[in-house]
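As structure tokens, the structure follows; a few thoughts come after it.
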Amino acid sequence: MVNISKKLIAIPKIRVAVMGAGAVGGYLGAILSRAGNDVTLVARGNHLEAIRARGLTIVSPESEFTVTLAATDQPNSIGEVDLVLFTVKTYHNQEAIPRLQPLLSKETAVLTLQNGVESWQDLEAVLGKGRVIPGAMYIEAKVESPGVIAQRGNVYRIVLGETSGELSNRVDNIARILQHAGMPTEVSADIQQVLWSKWLFITTLAGVTAASRAELAELLAIPESRNLLVQVMREIEALGRKNGIDLGHDVVDRTLSYMNTEARDLKASMHTDLERGKPLELEALNGAAIRFGKKLSVPTPANQVIYSLLKIHDLQYRADLGINKSTPDT
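Just so we're on the same page, my numbering is the position in the sequence shown counted from 1, plus 30.
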């Protein structure tokens with residue numbers, strides 16, 4: 031075991047458990063394993079069977095590689111690790127968070143890279159203060175087939191930080207380990223601002239493209255659709271301001287510019303999930319905007335319309351798969 035809370039000169043090889051080895055978790059697990067770390071993936075179903083039989087293959091614009099690594103559907107079989115990457119879909123939090131306990135030593139850090147701005151608090155409520163590190167992951171990836179993850183585009187990076195704002199040894203060590211594995215990683219002294227900025231972007235991208243069944247580039251080309259993108263962002267900007275989160279006076283203009291350039295061809299995972307008939311992270315995105323709006327007395331009509339259009343699909347997909355709602359209706 032490596033105590034990543036201490037200042038480390040050399041980049042160590044650490045024990046990592048990835049809770050949720052879908053597109054994001056699987057991608058990170060694969061590159062960390064390729065860099066020599068001892069990685070175990072927590073997966074299930076056909077994806078788990080394929081990883082056990084043939085390894086995990088990553089296909090990206092630059093390369094293709096396969097790693098052989100441990101995979102299980104039983105976290106309690108892994109033992110204590112140095113770092114947990116928590117990358118399950120947010121609607122699985124209630125089930126997944128208690129299953130982390132057998133992985134944790136006194137010094138184990140839990141890095142959550144989920145969508146939304148609330149999950150780190152869900153983790154902290156169960157695991158205690160001081161263990162959880164929130165982060166924002168920017169990547170377009172999907173499970174192409176069991177045991178195969180495809181990463182698209184040139185946008186892939188992580189920003190992480192302590193909720194206290196402290197530039198601690200452990201966030202520095204984790205950033206260096208990820209960077210060494212090939213994932214551009216930054217440490218932020220204001221992770222709340224980072225999480226909210228990403229949430230503004232991904233809630234708008236995912237919600238509007240999924241509700242319209244259209245690509246972002248198509249929406250940007252039509253004034254009415256472009257206005258809807260802006261309206262969703264304005265509502266979340268207002269929520270942040272009311273909640274004491276300084277997103278900057280030009281956050282909407284900056285995000286729109288990013289959408290017009292680097293993100294034009296980006297496809298949100300919620301849009302992909304809708305097309306594949308899978309449950310949606312609606313409650314962590316547009317649903318959360320509505321909940322914050324009610325709590326803070328900020329109107330969110332655009333987010334309400336998007337939520338209403340997508341909720342029927344989310345409920346149907348959950349029913350088809352026998353997944354109970356883990357979050358009450360907004």
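Note that beta-carbon positions come from the ideal geometry of N, C-alpha and C, so glycine has one too.
With at least 16 other beta carbons inside 10 angstroms of its own, Gly317 counts as buried. For Ala83, the closest of Ser90, Pro91, Val97, Gly278 by C-alpha to C-alpha distance is Val97. Assigned with DSSP and collapsed to three states, Ala251 falls in coil, not helix or strand.
CA-to-CA, the gap between Val201 and Leu235 works out to about 29 Å.
If you check the CB distance, Ala80 and Pro176 come in under 8 Å. Closest by C-alpha distance to Gln261, out of Arg294, Phe95, Gly50, Ile336, is Ile336. When the beta-carbon positions are compared, Gly160 and Val189 stay at least 8 Å from each other. DSSP places Thr120 outside any beta strand (DSSP E), giving it a letter other than H or E.
The DSSP assignment places complete alpha helix (DSSP H) segments of no fewer than 4 residues inside the segment 192-220 at 199-211, in order along the chain. Counted as a single uninterrupted DSSP element, the beta strand (DSSP E) harbouring Val178 occupies residues 178-190. Collapsing the DSSP output to three states places Ser107 in a helix.
Residue pairing of Phe322 in beta bridges, as defined by DSSP: absent, with no partner found. Looking from the CA of His77, the closest CA among Glu92, Ala100, Pro91 belongs to Ala100. Nearest neighbour of Lys325 by Cα position, chosen from Gly352, Asn273, Asp280, turns out to be Asn273. Take Lys308, set aside five residues on each side of it, and the residues of its chain with a beta-carbon closer than 7 Å to its own are Tyr347, in chain order. Nearest neighbour of Gly52 by Cα position, chosen from Ala171, Leu113, Asn67, Thr142, turns out to be Ala171. As the crow flies, the alpha-carbon of Leu230 is around 14 Å from that of Ser287.
Straight-line measurement puts the Cα of Ala219 at about 19 Å from the Cα of Ser149. In the DSSP assignment, Gly55 is bridged to no other residue. Non-local beta-carbon contacts of Asp68 in its own chain, meaning distances under 6 Å to residues more than five positions away in sequence, involve Arg45 in chain order. Approximately 5 Å separates the beta-carbon atoms of Gln209 and Thr215; this is inside 8 Å, confirming the contact. Beta-bridge analysis with DSSP links Arg271 to no other residue. Under a 10 Å Cβ-count criterion, Gly270 is classified as buried, with 16 or more other Cβ atoms of the shown protein chains found around its own Cβ. Inter-residue distance for Val178 and Thr302 is about 16 Å (C-alpha atoms, whole angstroms).
For Pro331, the uninterrupted alpha helix (DSSP H) segment begins and ends at 331-351. Three or more Cβ pairs drawn from the segment 109-117 and the segment 137-144 lie within less than 8 Å of each other, which places the two stretches in contact. Taking C-alpha positions only, Thr239 is separated from Ala40 by approximately 44 Å. Considering only Leu157, Asn33, Gln144, the residue with the shortest C-alpha distance to Tyr168 is Gln144. Note that the C-beta distance between Asn106 and Pro132 is below 8 Å.
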